[in-house]
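Numbering (my numbering), first residue to last: 54 to 403. Glycine is no exception: its CB is placed at the ideal position from the N, C-alpha and C atoms.
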Ligand SMILES: [Zn+2]
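Structure, rendered in structure tokens:
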């Protein structure tokens with residue numbers, strides 16, 4: 054099996070189409086669609102470009118799926134290793150095992166180098182964030198313009214908690230988007246609510262911006278700057294994550310639930326979107342039990358998280374609506390939330 058042959062004879066466009074993604078032909082060898090790898094909502098968040106060598110290359114701009122060629126796509130899409138992906142594309146073709154091993158090793162090294170480079174960029178971005186104390190600047194805007202605190206109050210977060218979590222506001226956050234030439238360009242601005250995300254020990258890991266005028270209602274969050282990675286929102290970063298933990302989707306839901314439950318012994322963690330459910334299983338090493346309360350469309354991701362951290366430790370709360378909406382509508386309060394947790398059933402099988 055010749056890998057270059059596999060790439061040349063595989064049609065990335067039809068494979069992407071077969072996932073259900075609707076490709077928009079942008080002309081001159083460029084296509085856009087929503088990202089089929091993380092089921093993104095942004096209809097231009099996934100790009101396919103024809104390189105000078107005639108090969109098609111994809112990039113996910115709306116998530117953390119990365120980029121690559123047709124083999125990388127199949128590896129991520131079908132969760133296959135390199136050899137399996139080649140076989141998937143080529144059919145069960147006779148192959149030279151030594152050659153396949155060499156190429157697999159080459160890819161592994163390349164992936165490791167990319168991982169290390171991304172780690173260095175991430176560490177630099179966090180150091181910049183710490184030096185600038187950027188979240189304090191956004192928080193100061195709430196102190197200078199107290200009427201902006203209403204935006205947080207309306208989401209179930211009173212002033213005292215805005216101060217504890219150092220939440221903030223910006224009037225003109227610049228949203229960057231990939232331009233014609235695949236480099237990032239400042240594209241438009243919007244007011245935002247800023248959310249600093251701290252790890253246990255109050256160590257900053259990122260700042261998330263909730264766009265108040267998003268162009269696409271399904272695509273409402275951006276990191277403060279490039280190279281930052283999403284991290285779960287830990288409601289009580291003063292202590293390590295031990296004992297009972299409630300997991301919900303998103304920072305603002307975690308805040309609303311934590312305030313409503315009012316139990317200092319219960320950790321509440323907000324995971325930034327379904328596609329991240331699995332990336333942070335390590336956070337739950339010392340958690341027991343883990344109550345998972347997904348959005349109505351997030352049950353499958355919740356079950357997968359439970360399977361990864363051990364179903365016997367987990368309980369599932371199926372609410373049928375978003376937890377912050379239920380709290381804000383007065384349908385859930387301290388008593389009923391605690392009861393939901395107390396009687397939470399075991400995790401169903403997939
Ligand atoms: Zn993606």
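In this structure, does DSSP put residue i in helix, strand or coil?
i: residue 317; result: coil
i: residue 89; result: coil
i: residue 193; result: helix
i: residue 146; result: Confidence at residue 146 is low in this model, with a pLDDT of 48, below 50, so the placement of that residue is unreliable and no value is reported for it.
i: residue 340; result: strand
i: residue 410; result: Absent from the model: residue 410. The displayed extent of the chain is 54 to 403, so no value can be given.
i: residue 110; result: strand
i: residue 255; result: coil
i: residue 58; result: helix
i: residue 225; result: strand
i: residue 302; result: strand
i: residue 247; result: strand
i: residue 385; result: coil
i: residue 262; result: strand
Please tell me whether residue i and residue j are closer than 8 Å, where the distance is taken between their beta carbons.
i: residue 348; j: residue 328; result: no
i: residue 65; j: residue 111; result: yes
i: residue 191; j: residue 222; result: yes
i: residue 302; j: residue 271; result: no
i: residue 315; j: residue 208; result: no
i: residue 115; j: residue 93; result: yes
i: residue 249; j: residue 202; result: no
Taking the alpha helix (DSSP H) that residue i falls in, what are its first and last residues?
i: residue 135; result: 135-143
i: residue 215; result: 212-217
i: residue 355; result: 352-362
i: residue 128; result: 123-131
i: residue 378; result: 376-381
i: residue 69; result: 65-71
Considering just the uninterrupted stretch of the beta strand (DSSP E) at residue i, what are its terminal residues?
i: residue 100; result: 99-103
i: residue 186; result: Unbroken run through residue 186: none, as it is neither H nor E.
i: residue 275; result: 274-276
i: residue 77; result: 77-80
i: residue 368; result: 367-369
How should residue i be labelled, buried or exposed, when 16 other C-beta atoms within 10 angstroms of its C-beta is the threshold for buried?
i: residue 351; result: buried
i: residue 363; result: exposed
i: residue 146; result: Confidence at residue 146 is low in this model, with a pLDDT of 48, below 50, so its placement is unreliable and no value can be given for it.
i: residue 259; result: buried
i: residue 292; result: exposed
i: residue 239; result: exposed
i: residue 3; result: The shown model of the chain, from 54 to 403, leaves out residue 3, and the question about it has no answer.
i: residue 304; result: buried
i: residue 294; result: buried
i: residue 200; result: exposed
Should residue i be counted as a contact of ligand 3 given a C-beta to heavy atom distance under 7 Å?
i: residue 326; result: Among the ligands present in this structure, namely ligand 1, ligand 3 is not found.
For this session: Answer yes if the segment 272-286 comes into contact with the segment 241-257, meaning at least three C-beta pairs across the two stretches below 8 Å, and no otherwise.
Result: yes
Exercise. Can at least three beta-carbon pairs, one atom from the segment 94-114 and one from the segment 74-86, be found at a separation below 8 Å?
Worked result: yes
Exercise. Taking one C-beta from the segment 286-302 and one from the segment 314-326 each time, how about it: are there three or more such pairs within less than 8 Å?
Worked result: yes
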